[in-house]
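Remember, our numbering sits 10 above the position in the sequence shown when you count from 1.
We put the CB at the ideal spot given by N, CA and C, even for glycine.
One structure is given here, and the rest of the page talks about it.
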Amino acid sequence: MELRVLHYFLAVAREGSISAAAAALHLSQPTLSTQLRQMEEELGKQLLIRGTRGSRRVELTDEGRIVRRRAEEILALVHKMEGEVALSDDAIEGDVYIGAGESDTVRLLVHAARQLGTRYPGIRYHIASGNADFVIDRLDKGLIDLGLVYTDIDPMKYQSLLLPAHDRMGVLMRRDDPLADRPAVEPQDLWDRRLILSQQREDSPLLSRWMKRSMDRLQVVASYNLVYNASLLVDEGFGIALCLDKLIHTAGSPLCFRPLDPPLELCPRLVWKRYQVFSKATETFLEQLQQMFGQG
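What follows is the structure in structure tokens.
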């Protein structure tokens with residue numbers, strides 16, 4: 011299957027219409043329709059549900075949605091490869107792709123990037139945010155070079171660099187909440203509360219041990235993967251959110267953060283695939299991190 015056909019298919023998925031996609035691609039509609047039908051015949055699956063005579067809209071089948079997701083990944087990887095190969099052997103410039111959860115620890119990566127910036131202004135950084143599953147998935151698919159995670163990793167599959175930071179967990183709540191009068195929150199304070207948890211910690215053994223109660227006995231009313239959205243739920247009185255410190259600026263807002271007692275801290279580590287061949291930009295950035303924070 012040719013890459014240009016994947017481009018065509020994604021254009022149709024984006025526009026929701028073969029005629030609109032053909033116009034955007036500067037193709038005739040019959041040409042585009044023929045290419046799409048050949049793609050379906052090659053895969054042996056229907057990818058598009060064509061509209062009736064009175065409607066030009068098309069919808070993706072379940073198989074079509076799978077193809078769209080994979081096509082996006084394939085084309086992103088090709089774009090990444092082209093950028094790396096296009097650089098000369100002597101140039102240290104290009105793109106570094108990082109996946110990370112929301113964490114103040116990202117500042118450490120920024121400090122390293124700033125130090126490199128004076129010597130290598132041609133290095134560009136791209137950060138994709140998501141939970142640990144998101145980061146590891148993109149790392150395995152080659153869509154990112156480095157990932158920032160808090161979970162255990164398989165040392166046979168990944169290498170890692172432990173970063174000198176400890177992210178403190180606590181509770182984000184409204185200032186008029188009864189717990190806001192306390193300096194810290196204890197496990198029993200949360201047993202009967204409406205909780206909003208990070209999607210990667212909904213079944214966390216670490217959090218369950220701290221709670222001194224199995225997670226299925228708690229009243230979890232929502233989950234999130236971006237803490238800003240969780241803060242909106244808290245602000246509207248939907249519940250209180252367990253999250254890391256320093257992610258929501260509470261000064262002058264109706265929200266406040268209280269740490270857990272006993273303290274619960276997470277140690278971040280930067281991970282990458284073992285035996286990974288990096289671009290010069292990524293290799294230089296990783297060397298800078300190792301010099302600043304140890305060899306891992």
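- In the DSSP assignment, P269 is bridged to G180.
- A distance below 7 Å between beta-carbons, with the five flanking residues on each side excluded, links D199 to the following residues of its chain, in chain order: L189.
- A distance below 8 Å between beta-carbons, with the five flanking residues on each side excluded, links T115 to the following residues of its chain, in chain order: L158, L173, A175, D177 and P278.
- In the structure shown, K283 falls within a strand segment according to DSSP collapsed to helix, strand and coil.
- Here the alpha carbons of L216 and D245 stand approximately 27 Å from one another.
- For A261, the number of other beta carbons within 10 angstroms of its own is below 16, and it is reported as exposed.
- Per DSSP, D155 is not a residue of any alpha helix (DSSP H), being assigned neither H nor E.
- For S170, the enclosing beta strand (DSSP E) begins and ends at Y168 to L172.
- Taking all protein chains in view, the Cβ of T292 is crowded by 16 or more other Cβ atoms within 10 Å, so the residue is classified as buried.
- For N141 against S208, the beta-carbon gap comes to about 7 Å, under 8 Å, which counts as contact.
- In this structure, F248 is the residue among F248, S241 and Y238 with its C-alpha nearest to the C-alpha of V230.
- Around Y160, the same chain offers L276 and P278 as residues with beta carbons nearer than 6 Å, after the five sequence neighbours per side are excluded.
- Two segments are said to touch when three or more pairs of C-beta atoms, one from each, lie closer than 8 Å; by this definition the segment 18-28 touches the segment 38-52.
- The DSSP-derived three-state label of A261 is coil.
- In this structure, V68 places its C-beta atom within 8 Å of the C-beta atom of I59.
- Collapsing the DSSP output to three states places A175 in coil.
- It is roughly 15 Å from the alpha-carbon of M183 to the alpha-carbon of S233.
- Of the residues assessed, Y238 falls on the exposed side of the cut-off, its CB having fewer than 16 other CB atoms within 10 angstroms.
- Residue state for Y18 is assigned as helix, using DSSP reduced to three classes.
- Secondary structure at E51: helix, using DSSP grouped into helix, strand and coil.
- Judged by their CB atoms, E103 and I133 are nearer to each other than the 8 Å cut-off.
- In the displayed model, Y107 falls within a strand according to three-state DSSP.
- In this structure L236 is in contact with S139, their Cβ atoms being roughly 7 Å apart against a cut-off of 8 Å.
- Three or more pairs of CB atoms, one per stretch, sit closer than 8 Å, so the segment 77-93 contacts the segment 147-154.
- By the criterion of a C-beta distance shorter than 7 Å, S27 is surrounded in its chain by R66, R67 and V68, once the five residues flanking it on both sides are discounted.
- DSSP, read as helix, strand or coil, puts Y238 in helix.
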